[in-house]
Each structure stands twice: as structure tokens, then as C-alpha cells.
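Enquirer: Heads up, the sequence shown is in this note's numbering, so the first residue is 42 and it goes up one at a time. Heads up, the beta-carbon is just placed ideally off N, CA and C, and yes, glycines get one too.
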Amino acid sequence: MVHTANGFEKMQSFCVMFQKLMALVRGDIDGDNQDAMSCHDILSSGQLYSMVLRESLEVLMARVKATLRKFTWKPDFGRKRARYQIDELMSNPKLLQQAIQSSSDISRSISGFLATGNLRSRSGLDLMQ
């Protein structure tokens, strides 16, 4: 309760919220409609852009992780050891660069979003619609 400075007002607000919760549980009142205008948030373009960018970076990092795991754990045919050892990955920046380049599509997803306005998201970006 940030909007109240008085402790008594906060207690009154909590009592009203608790009474509404109990009425909802008993079935005396209906729940809020998620499509009502009072339930909508204003989302600025910068916030939406940063959410799309964050998800694109998460996908990129997951792909890089999978590629590096494949480099270090997948044995080649007829050999008992992994294709690359972890020491080789750390000492050779070209291997890390190859893993990043093979899995990067951030610019494609961001430019597609900016050009069309259509959101293609795996997680939904915590948006209702």
C-alpha cells in the first residue's frame, strides 16, 4: 500500500480486500474480467522492445549453450573422447565465435518485429493478448 501513509488507512484497505476475497470464495461476487479496461496496463514501446530483445537474448544464450555442450560432450565416430576439450574452447576464441554465429538470429527477430509489429514469441512475454 504505497499510496497511503497512515497505518489505519492501510488496515482499512486490507480489510476491504479481505472481505472481497471472502465474497469471491463464497461465490457472492464474480471475479474481475481480464478484458476490462481497468485491468489493462499501459506498455510503452521501449518496454515492449526491451522485452522482445530480452527474449531474443535468452534464446541466443540457450542455443550457444547447446552448441558448446555439443562441442564438448558429443564424441566423434570411432573415438572415445569429445570433439573438443574445455581447455581448447577457452584458449581458442574462434570456437566460441563459431558457436555464437551459428546460433544468432537476434537481428532477424528484432527487425521482423519492428517492420511488421507482429510478435513471435515462445513465452508470450507475459502479455495477456
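Would you give the residue range spanned by the alpha helix (DSSP H) that cysteine 56 belongs to?
Expert: Where cysteine 56 is concerned, the enclosing alpha helix (DSSP H) stretches over 48 to 67.
Enquirer: Looking at the structure shown, is aspartate 73 part of a helix, part of a strand, or coil, going by DSSP?
Expert: Reduced to three states, the DSSP call for aspartate 73 is coil.
Enquirer: Measuring alpha carbon to alpha carbon, tell me which residue in Leu94, Ser143 and Met63 is nearest leucine 109.
Expert: Among Leu94, Ser143 and Met63, the Cα nearest to that of leucine 109 belongs to Ser143.
Enquirer: Should valine 93 go down as buried or exposed, given a rule of 16 or more other Cβ atoms within 10 Å for buried?
Expert: Looking at its Cβ environment, which holds 16 or more other Cβ atoms inside 10 Å, valine 93 is buried.
Enquirer: So serine 97 and serine 150 are in contact, right, with Cβ under 8 Å, and what is the actual spacing, rounded?
Expert: About 5 Å; that satisfies the 8 Å criterion.
Enquirer: Can you tell me whether phenylalanine 59 is buried or exposed, with buried defined as 16 or more other CB within 10 angstroms of its CB?
Expert: It is exposed - the Cβ of phenylalanine 59 has fewer than 16 other Cβ atoms within 10 Å.
Enquirer: I need the straight-line Cα distance from valine 105 to glutamine 126, nearest angstrom please.
Expert: C-alpha separation (whole angstroms): 16 Å.
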